[in-house]
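Residue numbers (this note's numbering): 1 to 249.
The beta-carbon is built from N, C-alpha and C at its ideal position, and this holds for glycine as well.
This is the structure in structure tokens:
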């Protein structure tokens, strides 16, 4: 029997990746690694990786049957060359999926997510206006810094990293604001992966970010500063993708 194809959702954090994984998992020809949350992070775990592909499949895909495609969602991967290199070693023809959100709102959402989990003690004014240094964090517990709210919006850096290991034809870059609830975009993604693109998922209108911040209460100074900071990054991303990102303005 033909081996299933592989794809990886590698980010961006706080950009609708769980919604994306759910939409894909509902397709009868696709099986997503479980649990979706907490994420596998397998290719960052040296001990687990050393046990090989059989262990990987048994640990995260034992619930799958005869699906044509197996996928994993771990948003930490986009920030680690180790993950990109290891994925390419095992699955050189894997497809790489990224979903990107307005980096201003992504940064603020990331801040509130970290604060809500009890790791962030600084106010948003201290973080985004006063540049207070980030607190230290337990590197045995976190593969990435929970405080990289700004750096995590440098999307082209992550795309460039993975471009060293995968051909551009194997990339699918989605824009969250254009993707959520859009059946045409979702079916285009199904087509990219290589499954029946006429399928309509039940979670099409699923609510995301149920605990996301009410952006209307954010000081306009913070929003304007972030908009100014990311403007050049967004312009370069527009040029690379060949699309307009005016909706981020």
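Burial is judged here by how many other beta carbons sit within 10 angstroms of a residue's own beta carbon; residue 37 has fewer than 16 and is exposed.
Distance from the CA of residue 197 to the CA of residue 29, rounded to the nearest whole angstrom, comes to 11 Å. Beta-carbon to beta-carbon, residue 42 and residue 61 are separated by about 11 Å, too far to satisfy the 8 Å threshold. In this structure, residue 137 places its C-beta atom within 8 Å of the C-beta atom of residue 119.
Per DSSP, residue 95 is one residue of the beta strand (DSSP E) stretching across 95-100. Using a 10 angstroms sphere on the CB of residue 220, the tally of other CB atoms stays under 16, which defines it as exposed. Residue burial annotation: residue 72 is buried, with at least 16 other C-beta atoms found within 10 angstroms of its C-beta. Under the 10 Å beta carbon count, residue 125 is surrounded by fewer than 16 other beta carbons and is classified as exposed. It is roughly 41 Å from the alpha-carbon of residue 65 to the alpha-carbon of residue 104. Residue 80 sits buried, since 16 or more C-beta atoms from the chains shown fall within 10 Å of its C-beta. DSSP places residue 34 in the coil class of the three-state scheme, outside both helix and strand.
Taking C-beta atoms as the reference points, residue 195 and residue 69 count as a pair closer than 8 Å. With respect to the 8 Å criterion, residue 156 and residue 63 are not classified as neighbours on the basis of their beta carbons.
With a minimum length of 4 residues, the unbroken runs of alpha helix (DSSP H) contained wholly in the region 146-202 fall at 155-163, 176-179, 183-193. Rounded to whole angstroms, the gap between the alpha carbons of residue 33 and residue 192 is 19 Å.
From the listed residues 85, 98, 94, 122, the smallest Cα separation to residue 16 is found for 98. The alpha carbon of residue 82 has as its nearest neighbour, out of 14, 46, 178, the alpha carbon of 46.
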